[in-house]
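Heads up, the thing below is written out as structure tokens.
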Amino acid sequence: MYSLNTQAYSSNNYSQNNIKEKNKLYEKITLIIVTTILTIILLIIIIFNVGLYKINGTSMSPTLKEKEYVLTYQPIEYKRGDIIAFHHNNAIMIKRIVGLPNDIIDFEQDGTVLINNKILSEPYLTSKALGLPDIKLPYTVPPESYFVLGDNRSDSIDSRDVAIGCVKVGDIVGKVEFSIFPPAKIK
222 MYSLNTQAYS
232 SNNYSQNNIK
242 EKNKLYEKIT
252 LIIVTTILTI
262 ILLIIIIFNV
272 GLYKINGTSM
282 SPTLKEKEYV
292 LTYQPIEYKR
302 GDIIAFHHNN
312 AIMIKRIVGL
322 PNDIIDFEQD
332 GTVLINNKIL
342 SEPYLTSKAL
352 GLPDIKLPYT
362 VPPESYFVLG
372 DNRSDSIDSR
382 DVAIGCVKVG
392 DIVGKVEFSI
402 FPPAKIK
């Protein structure tokens with residue numbers, strides 16, 4: 222009877238050791254996977270110059286909400302409709318490109334944007350507003366620059382204001398592509 226208990230104890234002890242070894246193996250595999258994922262993320266950040274920014278203010282509402290976090294990257298080129306982050310007075314601003322280099326920008330009284338005398342389609346807007354532009358209209362976008370506007374035109378300081386003006390290519394941090402917190406689709 223004593224030997225049976227010893228065998229039961231030995232068998233039980235072997236199972237516990239086997240479980241401990243499996244747990245250590247799972248921990249090692251988990252560590253390898255996490256390290257690999259973090260390395261890949263770091264490489265993507267370095268290669269594509271990815272940035273993380275917090276939305277402050279409501280100038281890009283409803284597309285981007287205040288306190289939302291977004292990722293940016295540097296594409297090969299920027300196009301009309303892209304949302305970009307750029308440097309302005311030691312801050313990062315986020316606006317939408319509406320005018321490309323050499324475009325002629327004008328506004329109708331209701332805030333409708335005209336690009337080269339054609340109405341700009343802006344399905345992302347919930348309302349239009351002219352605001353109080355202090356630039357001379359019609360306005361020609363300089364070379365190597367973009368004319369940017371906030372999606373919430375009544376609450377946006379953007380290229381309509383000479384203090385902001387057009388965004389030079391060298392001031393652009395990147396294109397806003399993903400909202401990571403809270404997750405949302407960018408239009």
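Residue numbers for the sequence shown, in this note's numbering: 222 to 408. Even for Gly, the Cβ is constructed at its ideal location relative to N, Cα and C.
Sequence-distant residues of its chain with Cβ nearer than 7 Å to residue i (five each side left out)
i	result
Ser282	Asp372 and Asn373
Thr347	Pro283
Lys349	Asp331, Gly332, Thr333 and Arg374
6 Å CB neighbourhood of residue i in its chain, flanking five on each side removed
i	result
Asn270	Gln295
Val390	Glu365
Thr361	Ile325
Pro354	Arg381
Ile304	Arg317 and Val397
Leu335	Asp327
Beta-carbon proximity of residue i to residue j, cut-off 9 Å
i	j	result
His309	Val383	no
Leu351	Phe368	no
Pro363	Ile326	no
Ile315	Ile276	yes
Val397	Leu292	yes
Ser380	Gly320	yes
Gly386	Ile340	no
Thr279	Asp376	yes
Tyr274	Ile318	no
Coarse secondary structure for residue i, derived from DSSP in three states
i	result
Val291	strand
Ser236	helix
Ile438	Because the chain in this structure spans residues 222 to 408, residue 438 falls outside the shown range and cannot be described.
Gly278	coil
Val390	helix
Ser400	strand
Thr227	Summary for Thr227: the model assigns pLDDT 49, below 50, so the residue's position carries little reliability, and this model does not support an answer.
Tyr247	helix
Met222	Its pLDDT being 47, under 50, Met222 is placed unreliably by the model, and the measurement read from it follows with that caveat. Looking at Met222 - three-state DSSP - the assignment turns out to be coil, as it is neither helix nor strand.
Thr284	coil
Thr361	strand
Ile254	helix
Residue i - partner residues in DSSP beta bridges
i	result
Leu370	Arg317
Asp327	Leu335
Gly272	Thr293
Ala306	Ile315 and Gly395
Ile340	Leu335
Cβ-based neighbour list, residue i, same chain, cut-off 8 Å, excluding 5 preceding and 5 following
i	result
Ile401	Leu273, Tyr290, Val291 and Leu292
Asn338	Ile325 and Asp327
Pro322	Val362, Pro363, Pro364, Glu365, Ser366 and Tyr367
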